[in-house]
Structures are given as structure tokens and as C-alpha cells.
Amino acid sequence: MDEMLLAVALLAVLFFLLGSGIWVGASLIGCAIVGMELFTGRPTGDSMAITIWGSISSWTLTSLPLFIWMGEILFRTKLSETLFKGLTPWMYRLPGGLLHVNITGSAVFAAISGSSAATVATVGKMSIPELKKRRYSDRMIVGTLAGAGTLGLLIPPSVSLIIYAVTVNESIAKLFMAGIIPGLMLAGLFMGYVALSSFFRKSGETDDLSFNWRDKASALVSLSPIVALIICVIGSIYAGIATATEAAVLGVVGSLLIALMQKSLDWQSFRDSLMGAVKTSSMIAFILMGAHFLSLAMGFTGLPRHLAEVIGGWELSPLMLIVILTVFYIILGCFLDGLSSIVLTMAVIEPLVRQAGFDMIWFGIYLMIVVEMAQITPPVGFNLFVLQSMTGHNMAFIARAAFPMFLLMIMAVFIMVWIPELATFLPNAMK
């Protein structure tokens, strides 16, 4: 069968299954079974069993449920209150006022949780009522939360970075380090937008707030356990003291200690955090199983090799390839979440990227920024759904509010292309 017809057939089956409301992992497996049975002569059952077991038995993946559990524990503590009270004395005088707490709070929580939706929910449940009370623009409140919440995919420990590392066989530790500077850069772009916007529109009031240096020092003390946990987890990886898995264990222990200190850990919250981590980890494992099996099925059909040859024959420049991939992932992100986009496309995209000579560590960070856009693009944007449930606004309003952040992410992609050292400096400097 012609490769183009084969690609169309497989995509039709996949989108039919996804559109039927079937789980993403089950849809991927179903599509792979159709491809194996109709277009190859390979034994489907044996191939599926071997591939599925191999995809989830990797030692590298052990850090994944641990980092998820760390975020689940802290999600159930008084962290949102601690972040808001600890950051307010330092942010309220900046142009844009307390909107910066949304961004910096999201960046801090992103450094202890790899979940974008959890970042939005944790920061938003404290900041939204406070900012509304001070008459900040609803559009700016929603927009900053939607955009800054995506930092959970980029700033380590990122669940998506772990999945990417396993998929392309790269170092999790180096990818974690690579995400730090671009993550801070993106947070800086968001804060710059808030500051510039404040010059053109007055939004919110902080005149009644007043903090002396003692108050600011007290705020830093309240944040110190969280900062210490971040330094221990990320610092131990950078210094070569711990692997990603060992750092994840350290993070779980530290988060349990913080929860005990805040007196927010009881048996019910402990059990809820554990079950939340189990459910999320199982969902991701199911998607990984389906993606690996689909990759195998496509490999047997020869489709990835043929597409790589076709695109390679176009003789695209590296910049043009990046532009095409950016548009491709933006369109894909309108229908799939970021994690599914990564595992579904890497079988085809990885050979192209390696052939073009891109550093796979750099490409991983670029991919996280592009995939972040999927979190705030309708109709399938997880951050948008979370904010809709928290604010009661309709999806159209939330999508419009998030659009400036979407444009800033595109700007971040071009900055990454222009200055690739933003992603490669820290990994190259690791011990």
C-alpha cells in the first residue's frame, strides 16, 4: 500500500478512537493493532506483549511516580497560602502588583511538581479570590495563571521531560538542568508582559499594603522550607550526588517533612496523595505502553523511515524545519494533550531531528515550550479547563485571556533558536 494512504488510514483510525471517547492509551493500542493486522505479517500478540513490558520496565521510569507523589503531597498542604503570603511582600511594588505572585508562585511550585494542571490549581485557589477582591482585571488574572501554569512542564522536575528522556534515550538529569534557564526566561517574559500592561491600564490596588524589612525577612523564612527542598532536589542532581530517581526519593521525604511541619498531613491526606500519584502514574504508563506499541507497528510498516526520507528530500534548513515542527505541534496541541503529543510523534520526529543535526537535549527543551502551548489552546487545553472550573468564565473568555501568553511562548521558541546555549550551558557544565 502507498505510504501516504497508510498514514491517512492510521490517522483516521486513531482520531476515530480518540473522538469516540476512548482513553488515549487504549486508542494508541487499538490503532497499533489495526496497523499490525492489516498492513504487516508480524504476530500482533507476541509483539504487543514484549513491547508493552519493555516500555514500562525501565529503571529510568522509577523517578516518575516519585516526583508525581512529591507534587501530590505538597498539593494537599498549605503551600498555596505559604506562597502567596511569602511572595506578596516582595512583589506588590512591581509594575503589575500582585499579578507577579501568580507567575513567581507558579514557577516555585513548578520546581516541586511536574504537573501543569496542579500548578494552576495550587496557585490559583489562593490568588484568584485575593486578586478579585483587589479589583484586578479578570482577564489578567486568568491569563497569567494559564501561562505561568505551563511552567510545570519545563522547570524540573518535569514529568514530560522524564517521558521525553525515556522515549529518545537521553539523560533525565541533563534534561532537568537544561530546563532551568529557559523556564526562568519564560517566567521573565510573562512578568515583563504584566509590567508593560500595567503602564497602559490600571488594574488592582496595593496602596493599602505596607511591608517593612522585618516583614520581608519573615516572608523569606516562611518560604525557606520550599526553597530548601528545591535546592536539595535539583542541586543534588547538578552536583552529581544523586541520580534523578534518588533525588525523587529525597523530594518525597522532604515534602512529607514539610507537610508535617505545616500540620497538614493526616492519614486521609497521605492516602489521597498516594492514590493520586498511583492514578496519574498509571495513566501515563498506559499512554507510554500504547505509544511504544504504535511506534513498533509503524516501524514494521516502514512509515517513519519513508516519511523521514520524504522530508529529508525537501532539503529544509534547520530553521525551516523548526518552523514547520512548531506549526505542526501547535495544530496537534489543539486536539491532544502535551504528553500524548510527545509519545505519539517521537517515532517519526526523532530521526528527522537527529538527521538535521540538532542537539537532542536542546530539542527536548524546545519541545517542552511548544507542548506547553497545548495546555492553553482550545478545544483541548487542560489549563483552560482547570481555570474554567475555578473562575466560572466560559472557554472563549479564558482562551482570549491566555492568548498573549501563547504569543510569548512563540517568542521564547525564537529566542531558544537564536541562543541555544540557554538550554545547553548547564547540562554541559554538569559534573
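Going letter by letter, the sequence shown gives residues 14 to 444 in the numbering used here.
Note that the Cβ used here is the ideal one computed from N, Cα and C, for glycine as well.
Quick caveat: nothing in here was measured; it's all calculated off a predicted structure.
Length of the line joining the Cα atoms of residue i and residue j
i: F438; j: L420; result: 25 Å
i: D279; j: P364; result: 49 Å
i: R152; j: I141; result: 11 Å
i: F371; j: W226; result: 48 Å
i: A436; j: P170; result: 15 Å
i: L397; j: G253; result: 38 Å
i: E328; j: M418; result: 33 Å
i: A260; j: L167; result: 17 Å
i: I355; j: S40; result: 15 Å
i: F416; j: L209; result: 16 Å
i: S211; j: I389; result: 23 Å
i: F203; j: I116; result: 7 Å
i: S282; j: A25; result: 43 Å
i: V21; j: V266; result: 48 Å
i: M14; j: L23; result: Low confidence applies to M14: its pLDDT is 48, below 50, so where it sits in the model is not reliable, and the reading given next is rough at best. Straight-line Cα distance between these residues: approximately 12 Å.
i: Q296; j: R214; result: For clarity, residue 296 is Met in the given sequence; the question names Gln instead. Distance between the alpha carbons of M296 and R214: 43 Å.
i: A230; j: V240; result: 14 Å
i: A232; j: S223; result: 13 Å
i: Y199; j: L51; result: The sequence shown places Leu at residue 199, not Tyr. Using only the alpha carbons, I get a separation of about 45 Å.
i: R367; j: G405; result: 45 Å
i: V336; j: L31; result: 27 Å
i: I432; j: A186; result: 21 Å
Sequence-distant residues of its chain with Cβ nearer than 6 Å to residue i (five each side left out)
i: A131; result: G84, F88
i: G137; result: L158, M403
i: L236; result: G99
i: T258; result: T75, S76
i: L270; result: none
i: K276; result: none
Residue from the options whose Cα sits closest to the Cα of residue i
i: P102; options: T90, G118, K91; result: G118
i: I81; options: K91, H406, S173; result: S173
i: I243; options: D285, A120, A208; result: A120
i: P108; options: E143, A360, Y206, I378; result: Y206
i: L188; options: L233, T256, I432, Y149; result: T256
i: L147; options: L111, W327, V361; result: Sequence check: residue 147 is Arg here, not Leu. Minimum Cα distance to R147 is reached at L111.
i: I423; options: Q401, R413, N407, V384; result: V384
i: W72; options: M61, S184, A25, I35; result: S184
i: A387; options: L352, M198, I125; result: L352
i: I455; options: E50, A415, G67, M302; result: This structure cannot settle anything about residue 455, because the visible part of the chain is limited to 14 through 444.
i: A134; options: V114, G162, E143; result: G162
i: Y177; options: C245, A304, A62; result: A304
i: S129; options: V47, F29, L400; result: L400
i: S126; options: K145, L332, V155, L92; result: L92
i: A290; options: L27, L79, R55, I63; result: L79
i: W313; options: S330, A360, R284; result: For clarity, residue 313 is Phe in the given sequence; the question names Trp instead. Selected option, being the one with the closest Cα: A360.
i: S330; options: T53, A272, A369; result: A369
Coil, strand or helix - residue i by DSSP
i: I168; result: coil
i: H406; result: coil
i: D372; result: coil
i: G289; result: helix
i: P56; result: coil
i: M14; result: Caution is warranted here: a pLDDT of 48 is assigned to M14, below 50, making its placement in the model unreliable, and no coordinate value can be reported.
i: K91; result: coil
i: T73; result: helix
i: K138; result: helix
i: P78; result: helix
Chain-order list of residues whose beta-carbon lies under 8 Å from that of residue i (same chain, five-residue window excluded)
i: A191; result: I374, W375, G377, I378, A436, T437, L439, P440
i: M429; result: P195, W375, I378, Y379, I382, L435, A436
i: M446; result: Any question about residue 446 goes unanswered here, given that the chain covers just 14 to 444.
i: I362; result: L338
The ligand ADP heavy atom lying under 7 Å from the CB of residue i
i: L24; result: No copy of the ligand ADP occurs in the structure displayed, which carries no ligand at all.
Spatial neighbours of residue i in its chain, beta-carbon cut-off 7 Å, leaving aside the 5 residues before and after
i: V114; result: F97, L100, T101, M104, S140
i: T298; result: A quick correction: the sequence has Ala, not Thr, at residue 298. Excluding sequence neighbours, A298 sits near I69.
i: V246; result: P170, A260, L263, G264
i: M61; result: F306
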